[in-house]
Structures are given as structure tokens and as C-alpha cells.
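Chain order of the listed sequences is A and B.
Heads up, the final residue of the first sequence is numbered 350 in our numbering, and it's a clean run with no missing numbers.
Heads up, the final residue of the second sequence is numbered 350 in our numbering, and it's a clean run with no missing numbers.
Don't be surprised by glycine CBs; every beta carbon is placed ideally from N, CA and C.
From a predicted model like this one, the values you see are computed outputs, not experimental measurements.
There are 2 protein chains.
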Amino acid sequence: MTENERSASDADPGMHTLRDVARRAGVSIATASKALNASGRLSAETRARVLEVARALHYRPNDLAHSLHRARSMTVGLLSNDSFGRFAFPIAEALERRLFDAGIALFMCNATDDPERERRHIDQLRGKRIDGLVVTARRTDLRAPITLPGHALPVVYVFSRVDSPDALCLLPDDEGGARLAVEHLLSLGRRRIAHVTGPERFEAVWLRAQGWRAALSAQAIEPERYLTGAWSESWGRQAAATLLADPARMPDALFCGNDQIARGALDQLERMGVTAPDDVAVVGFDNWSVMTEAARPPLTSVDMNLGALGDEAGAALIEMMAGARLAGARRLPCSLVVRASCGANRTTAEET
Amino acid sequence: MTENERSASDADPGMHTLRDVARRAGVSIATASKALNASGRLSAETRARVLEVARALHYRPNDLAHSLHRARSMTVGLLSNDSFGRFAFPIAEALERRLFDAGIALFMCNATDDPERERRHIDQLRGKRIDGLVVTARRTDLRAPITLPGHALPVVYVFSRVDSPDALCLLPDDEGGARLAVEHLLSLGRRRIAHVTGPERFEAVWLRAQGWRAALSAQAIEPERYLTGAWSESWGRQAAATLLADPARMPDALFCGNDQIARGALDQLERMGVTAPDDVAVVGFDNWSVMTEAARPPLTSVDMNLGALGDEAGAALIEMMAGARLAGARRLPCSLVVRASCGANRTTAEET
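Pasting the structure below:
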């Protein structure tokens, strides 16, 4: 170990090695190692001298050398197949925190939807002898599983899904989140609840629509007005204008597929002289503070609890690194954050 | 090396070692190593056999073992003293890409403004024998320098600033960006350009205000109306209402300290029946697509080119790892992205 340690420390002349500590303390390397690891038989005096020298030299054990001996690198890769966007940040942060508290460092790798780059990232991570891999994405839709030739590396997919019974995939419960939102509107007496959402090619779109339908059907209400478009405010404005065009069929609530759509809808209601939430209640999805706080009135929204997802991914990976075999798609609960736009919370109502 | 390699690979039973390759090819470990590294004297036949076996076993050299010998870990830490927010992510992405292309892997560390956590992160990274460190933050204000006892590790601060002549700090040129925006408004004939911005405790606030003042002064215009508040849409609405309250002093343009303020101001103009850009032109700062695209009309804004900052941080760190000594605060240029709200670009005007 010491020979390796010496050369590894060459890059960093300020970094002292076990050899330096031993030499300065006037003991053998084996003795210095025993003293620092509190193992073996040593006089109290020798141990104290070694510890004193180590402190004075700011000695830090070399994890690379330890990793080779311990058969653990205590590193994990985080691979995103797309850029780290608004959804990946909170997941990555919570994951990093959970792993760090377990003494594990996280490599950040962004493959930007380029399969060749992803392959090179995985190759690099294998060279670093990572103990596990977390795969995330900008959206929860199906992706190809990571294939590691002849390999038993623990892999967790979070906010990302693969079609394999052996894979562990952690996802938000989009359907359940939508059901929460619609049940809340129903409990407030709304009955004509339209759904305005994003592009149908997103899995999240049809899962949320399913939750909307299920909540209405449970109250024997026919789910009727369903509009898909873009994930944008501009689509929210356009959809609201369409839904309000016919006074005979005016909805009394809009459940929106994301907060940008909801905010656009609220703007359009105001332009058309329709009061939210009195005439039409509005609920969004994502609980993105930039949107919920700026909306007038402040927006009630479904929170996917992305931090909890990231934390759970870290916890699952640690279990798998310890030998547990975890598999299957797990959907973690969303929660509803109630503000003024749904009509439940008149006290925090309109700012402006 | 081989003994180390064998134990390191125990964690990952699918991963073959140099020893496995040598055994399968019927050669010594030294010979296998020579064949794979294309070094030493070997028969073409032996070399071909070793390479063939290595391919069949999906052999991947162990970087941990190499790192110990090469005195380079080929890893770098990215430390944020605050959570990875909207500004840190584009920086981190570009940094990661630049380092990856140089064969360097990036550890992601989030200290969340907790000095004790930051200290533990640095300790962990030292144990991993990182070759360099990049420090970033949620805002560009002064922070305490990273202190590494007796240490010569290259450190780059990006979107973060320390008060030390030896430190390399890469920052956006906030003052220059503001000057660009105001000069553009001046070139369009605007003369009564007010500045609505965020909290004065931010360095970016006074740098941008300085740019606004400098551009006006250069045209012998007295910089007059300057309002500081929050970084929010709600503050933008309130400030616009204040500025427009007195028709005798009505500004013909608002230069806003960020895009949220600009968007709030645009909303308020509309509510008060004031047309943008005809009556009042508006320019924001950040070029954040979520805001610029949803604003009506689409928002002209200053871009801090955060990707270029991250890329430059990676390039500088690579130079420093190769022995270059770089220091000082460098401010990289911002650019102006012209849309309809400033009045220059009537063709892409209002969507609604």
C-alpha cells in the first residue's frame, strides 16, 4: 500500500503519506498504520506520538488505496440520459445527500440523449470501479435498460423507467397525484372539471388523465372535456379560451397537467373577466414555486415529492450494494399543496 | 497491482481482471500487461491472443489501480455552497462535458450553506485524491476561500467569488451585460429608462445598476428612477405600478434586474392599459426561457452565458492540473437576446 500511496500523493505535494508519518514519528510503516487504525499492540506512548505527527502533517488516509483493498470504491455514478433539468435537480440533490451521509461519493454524468456518450460514460464509471449506478431522465417515459457486459452492478432507475422485471424503477405516482387533485375539487363541490394537459406522447399525460377519469367516475360523473397540447402557458391560455367559449358548457374547475398550463389558464380567465376560484377553480401539477407563487391567485398544485424520490433511490442503492435484490416499478405518493386557486383557501387569496 | 486488482474486483463478480486475462491467454501477468499497453517486446501472435481474450472477457482496466501508479485520480470535485439551482446547473453541465471529454470524472457535492458539511465534503474529496476542485454557488457574492491544509490542489471558483489574489474566479460580466441592454434601448430612441431590480445586498444588483448608470451617463442622461425590491414577479408588478403612477414622469423603458421582475412589469403594464413595447419597452436579465417565452410580448433579455462559464472553468482547471498558475477575477461577457418586448423586433411580436 505505501508504495502506491507515495506515488499517488505526488500529484499533490501538500498531501502527506503514511510513509511520511512513520518517518517523522520514527516508527515503521506497519507501526504507524497500527497506531492510526487503533489495531495491534503498541505502547500508549508510541500511539500518541504517531497520532500527534499525523495531526501535525494533516495526514488523510488515501481512499484509493483503501478501495483496492476493501473491494469497495465507495463511489456511485448518476447518469442522466438527458440534461439535468428542473426535475432531475431535486432528485440529484436528495440522492447526493443520502449517499454522502453513508460515506459514498457521487459522479455526475450527463449523456444528453447521445447513446455513444452514454456508453463512454458507463465505460469511464466501470474504470472507476463504481459500486452502483443511478439512472435518471428529464421525463419518466420508457428507456432502454443499461447493459453492462457480464456485470452484477446494482442499478436504480429514478424518474426513469425500463421494461425489465429485474430492474428497480422509482417513479412518482402520477395517477394518484391526479386523483388527489380531482378528489379535492370534488370535495369543494366542483362537478364540471375539465382536464387541460401536455402532449399525449408523455406517459405522465395519460397516467394523470387516468387519475382524473377515475376520480370523476367514482362519483358517477362522466369525464368529458379533455384537451391535450403543449406544456406551456401559451397552451394554457388557448385551452382556457376554448373551454370558456360556450357559456352553456362552462367548466367550474380546470385540472391542469402542469403549473405552466395552469398559470396560462388563470391569466386567460382574468382576461375574459372570469373570476378564479369563484367561477372556475384551477389546480396545477409540479408545485413549482416559480409558477405557483407568481400565479394570481396563488396556485394549488400537486407535488411529486422529487426529493423523497431521490432519497429513496439512494437508500435502495445502499441496500442493493449490501446485497439486497430489489426490483420492480415502485410509484411513490404525490401530495397536494393547497393555495387559493382551488377555492379551498380563501384566507391566503389574491395578492395584487 | 494484480493483487489489488483482484480484491477490488471482488465487489463486482462480472468484472474480469488482468490476472483473468493472463490466465485465459496462457501468459504471465507481465506479458498480458505489455500486450494491452502495446509496450515491450512481444510476438504479434501473443499480443493478438491477449487482445482477443481481453475482448471476450469485456476486460476494463482498473482506473483505481492506475490512479495510484500514475499519481493522478482523473477525478475532480464540484462543490456548491448552496443547493444546485437554476444558475449552477447549466454551469455544472458544461463543466462536466468539458472534463469528461478530457477523461476526467466529476464528483458532485452539495454543502447547502453548512460549513461543517462543506468541511466533510472536502475531507471526502481529499480521500478520493481529486486532482482539482471547482467551487460554485447560487449567487456570485463573496464567500470564504476553501482552505486545504498544506495543500496545492488547483481550485477554480465559478459564479462564486473569494477575496484572494491567488484565487481564480470566473464570473459573468454583470455590469457589461447591463450596459448592453441599456445601450440597446438608447439605440432604439428610449431616453427615460428606469431600472427595477432585486435586493441591494446582492453584488449583481449593484454591478447591473452600475452598468445602467454608465450607459445613460455616456449619453449625458441623468440616471434617475431606480427601484430595488425582491427578485419576484410580484415586485415587478408593484414597481411598474409605482413608476407609472405619475403620467408626467412616465418612463419610456424599464430595464429589469431579472426576468421575473420584467415579466411582472409587463403584466402590470397590460393591466394599466399601457402598451409594451410601444409606450414602454421592457428588457430583463437571465434569458430564462420559462419567463421570456411566456411573457407577452416575448421578453428581450441579457444572457449570462452560464454554459460558457462552466466550460471555461473546466478548461482552466485542466490547465492548472497541467501546472499552469491562473489567478484573478475574470468576468466573461454577457450577450443580449432580442425579442419583441424592447421594440426592436416587431416581427416576432405578441402571440397572446
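| Asked | Found |
| --- | --- |
| Can you give me, in chain order, the residues of the region 221 to 232 of chain B that have a beta carbon less than 8 Å from any beta carbon in chain A? | Ser230, Glu231, Ser232 |
| Which one or two residues does DSSP pair with tyrosine 57 of chain B in a beta bridge? | Paired residue(s): none; tyrosine 57 of chain B is not in a bridge. |
| Quick test of the definition: if touching needs 3 or more C-beta pairs under 8 Å, does the region 159 to 166 of chain A touch the region 97 to 110 of chain A? | no |
| Keeping to the same chain, check which residues put their C-beta closer than 6 Å to that of alanine 293 of chain A; ignore five residues upstream and five downstream. | Arg261, Leu264 |
| For chain A, check one thing: does any of its Cβ atoms lie closer than 8 Å to the Cβ of valine 288 of chain B? | yes |
| Apart from the five residues on each side of it in sequence, which residues of its chain come closer than 8 Å, Cβ to Cβ, to histidine 182 of chain B? | Val281, Thr298, Leu334, Val336, Cys340, Ala342 |
| Quick check on the DSSP output: the beta strand (DSSP E) that includes glycine 282 of chain B runs from which residue to which? | 279 to 283 |
| Excluding five sequence neighbours on each side, which residues of the same chain lie with their C-beta closer than 8 Å to the C-beta of leucine 330 of chain A? | Leu168, Leu169, Pro170, Asp171, Asn303, Ala306, Leu307, Glu310 |
| Tell me the DSSP bridge mates of valine 203 of chain A? | In the DSSP output, where bridge partners are listed per residue, valine 203 of chain A has none listed. |
| By alpha-carbon positions, which one of A/Pro59, A/Ser41, A/Val133 ends up nearest to methionine 352 of chain A? | Here chain A comprises residues numbered -1 to 350, so residue 352 of chain A is not present and cannot be evaluated. |
| Suppose you measure from the CA of glutamine 208 of chain B to the CA of isoleucine 259 of chain B; what does that come to, to the nearest Å? | 18 Å |
| Along the region 91 to 109 of chain B, where does the CB come closer than 8 Å to a CB of chain A? Name the residues. | Glu91, Glu94, Arg95, Phe98, Gly101, Ala103, Leu104, Phe105, Met106, Cys107, Asn108 |
| Quick one: Cα of arginine 84 of chain A to Cα of glutamate 91 of chain A, how far? | 12 Å |
| Between threonine 73 of chain B and isoleucine 102 of chain B, how many whole angstroms is the CB-CB distance? I'm expecting something under 8 Å. | 7 Å |
| Measure the alpha-carbon distance for alanine 28 of chain B versus aspartate 121 of chain A and round it to whole angstroms. | 24 Å |
| Using three-state DSSP, classify histidine 182 of chain A as helix, strand or coil. | helix |
| Going by CA-CA distance only, name the one from B/Ser232, B/Ser287, B/Ala327, B/Pro295 that's closest to threonine 290 of chain A. | B/Ser232 |
| Is it buried or exposed for threonine 345 of chain B, if we count other Cβ within 10 angstroms and need 16 for buried? | Residue confidence is low: threonine 345 of chain B scores 48 on pLDDT, short of 50, so the model does not pin down where it sits. No coordinate-derived value is stated. |
| Given 8 Å as the limit, is there contact between the region 218 to 228 of chain A and the region 190 to 197 of chain A, that is, 3 or more CB pairs closer than that? | yes |
| Going by Cα to Cα distance, which pick from A/Arg141, A/Ala218, A/Thr240 is closest to leucine 184 of chain A? | A/Ala218 |
| Helix, strand or coil: which one does DSSP assign to aspartate 18 of chain A? | helix |
| Counting only C-beta atoms, is alanine 347 of chain A closer than 8 Å to chain B at any point? | Summary for alanine 347 of chain A: the model assigns pLDDT 40, below 50, so the residue's position carries little reliability; its value from the coordinates is reported in the next sentence. So no, alanine 347 of chain A is outside the interface. |
| At a Cβ threshold of 8 Å, is glycine 196 of chain A touching chain B? | no |
| At what residues does the beta strand (DSSP E) containing threonine 134 of chain A begin and finish? | 130 to 134 |
| List in chain order: all unbroken alpha helix (DSSP H) runs of 4+ residues lying wholly within the region 197 to 250 of chain B. | 201 to 216, 231 to 242 |
| Compute the distance between the beta-carbons of valine 19 of chain B and leucine 55 of chain B, then report whether it is under 8 Å. | yes |
| Within its chain, find whatever has a CB closer than 8 Å to the CB of alanine 100 of chain A; leave out the 5 residues flanking it on each side and keep chain order. | Gly312, Ile316 |
| Just curious, the alpha helix (DSSP H) that arginine 124 of chain B is in, first and last residue? | 113 to 125 |
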